[in-house]
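A.B. asks: To start, I am sharing the structure in question, which I have written as structure tokens.
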Amino acid sequence: MILFLLLAFLYQDFSQTKIERVAAGYRFTEGPAWDKDGYLLFSDVPNNRIYKIAAGHPAEVFRENSNGANGNAVDERGRLYTCESTSRRVTRTDSKGNVEVLADKYEGKPLTAPNDIVVRRDGHVFFTDPAFGNQADTKELTFFGVFHLTPKAELTAIWRGDTRPNGIALSPNGRILYVADSDARVIRAFDLDRQGSASGERILVKGIEGVPDGLRTDEKGNLWLAAKGIQVYTPEGKHIQTFDIPETPSNLTFGDGDLQTLYVTARTSVYRLRLPVKGWQP
């Protein structure tokens, strides 16, 4: 199976893949999320804003005073889920702009700095909660965590560790959760059941070059990781491709109507790559 997926991927012609910069001039871009209404959202964390890019239009401010918005995700109903690092919470914004706090405490203590997030089609939410830079100064939890939030707003920690989890993604069938660990330089995998409970923790990829950050999957279940360049792995963890990006990438998402454009946030800019493979959106 690994050999089949490897050959199928390598058979794709990436020789014509161009890296285009679509927006620039930011301090630190993060959290790209594609909305099915035809636009990209991304965060500029130090500038405390979320931006929007629609086809044929320059970037515009989507939200001021974003509370240090970092990771973003959009569900099937078009609702925006955001990890707010400075307010230390996870929120959901509906189509009318109403903001609902989904999680801000665990076992009576504030979350540390929610970082990245993914939403399963049945409404189960998974997010990481590490600390980078001075975020550790206000840390009250005794661990860095990967959390599961049920549709009934029940919050559980499915992983507790001393190293910092970062990017997070789901397999196309929603049965496997992937988490990139920036300190251990690995990708962990967890099996998920229908209730969103996790089991079978394992290290899928180790010895990653660069610092692992954002993570996505394509329709075949391959993993696309922002680290030193964009690194691609089979569902079994076999490295199959690396794309060099002009700036160190922080995160990525598939977008456009056919999901064959990879949008990459990288320090001061946002880039895109048109690909002969189709991404997957949860």
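The numbering of the sequence shown is this note's numbering, which starts it at 189 and goes up by one.
For every residue, glycine included, the Cβ atom is placed at its ideal position computed from N, Cα and C.
It should be emphasised that the depicted structure is a prediction, and the values quoted were computed from it without experimental measurement.
To the nearest whole angstrom, what separates the beta carbons of Pro360 and Glu407, a pair I think is in contact under 8 angstroms?
C.D. replies: Indeed they touch by this definition, with Cβ atoms about 6 angstroms apart.
A.B. asks: Rounded C-beta distance between Ala415 and Asp432? I'm assuming under 8 angstroms.
C.D. replies: Going by Cβ atoms, the distance from Ala415 to Asp432 rounds to 12 angstroms, so no, they are not a contact pair.
A.B. asks: Roughly how many angstroms separate the alpha carbons of Thr453 and Tyr269, rounded to a whole number?
C.D. replies: The alpha-carbon atoms of Thr453 and Tyr269 are separated by roughly 18 angstroms.
A.B. asks: Does Asn253 pass the burial test, meaning 16 or more other C-beta atoms within 10 Å, or should it be called exposed?
C.D. replies: Answer is exposed; the Cβ neighbour count stays below 16.
A.B. asks: Runs of 3 residues minimum, wholly inside the region 365 to 437: which ones carry the beta strand (DSSP E) assignment?
C.D. replies: Within the region 365 to 437, the complete beta strand (DSSP E) runs of at least 3 residues are 374 to 380, 386 to 393, 403 to 405, 411 to 415, 417 to 421 and 427 to 431.
A.B. asks: Can you tell me which residues form a DSSP beta bridge with Ala337?
C.D. replies: Looking at the sequence provided, one finds Leu at residue 337 rather than Ala. Note: Leu337 sits in a beta bridge opposite Val313 and Leu343.
A.B. asks: Hey, Phe169 and Thr344: beta-carbon distance below 8 angstroms or not?
C.D. replies: Examination of residue 169 is not possible in this model, given that the chain is present from 189 through 470 alone.
A.B. asks: Looking at the strands, I want to know which residues DSSP matches up with Val210.
C.D. replies: Val210 is not bridged to any residue.
A.B. asks: Can you name, in chain order, every residue of its own chain whose Cβ lies under 6 angstroms from the Cβ of Ala261, other than the five neighbours on each side?
C.D. replies: Correct list, in chain order: Ala221, Tyr269, Ile305, Val306 and Val307.
A.B. asks: Below 8 angstroms on the Cβ atoms is my contact criterion, and I expect Ala377 with Leu403 to pass it. Report the Cβ-Cβ distance as a whole number of Å.
C.D. replies: With 8 angstroms as the limit, Ala377 and Leu403 do not qualify as a contact, their Cβ atoms being about 11 angstroms apart.
A.B. asks: Rank Leu450, Arg373 and Arg309 by C-alpha distance to the C-alpha of Val399 and give the top, closest one.
C.D. replies: Val399 has its Cα closest to that of Arg373, out of Leu450, Arg373 and Arg309.
A.B. asks: Measuring straight from C-alpha to C-alpha, what distance separates Asn159 and Gln204?
C.D. replies: Here the chain comprises residues numbered 189 to 470, so residue 159 is not present and cannot be evaluated.
A.B. asks: Reducing DSSP to helix, strand and coil, say where Asn236 ends up.
C.D. replies: Correct three-state label for Asn236: coil.
A.B. asks: For Gly409 and Asp381, I'd like the C-alpha separation in whole angstroms.
C.D. replies: Approximately 18 angstroms between the Cα atoms of the pair.
A.B. asks: Taking all protein chains shown into account, decide if Glu272 is buried (16 or more other Cβ within 10 angstroms of its Cβ) or exposed.
C.D. replies: The residue in question, Glu272, is buried, as its Cβ has 16 or more Cβ neighbours within 10 Å.
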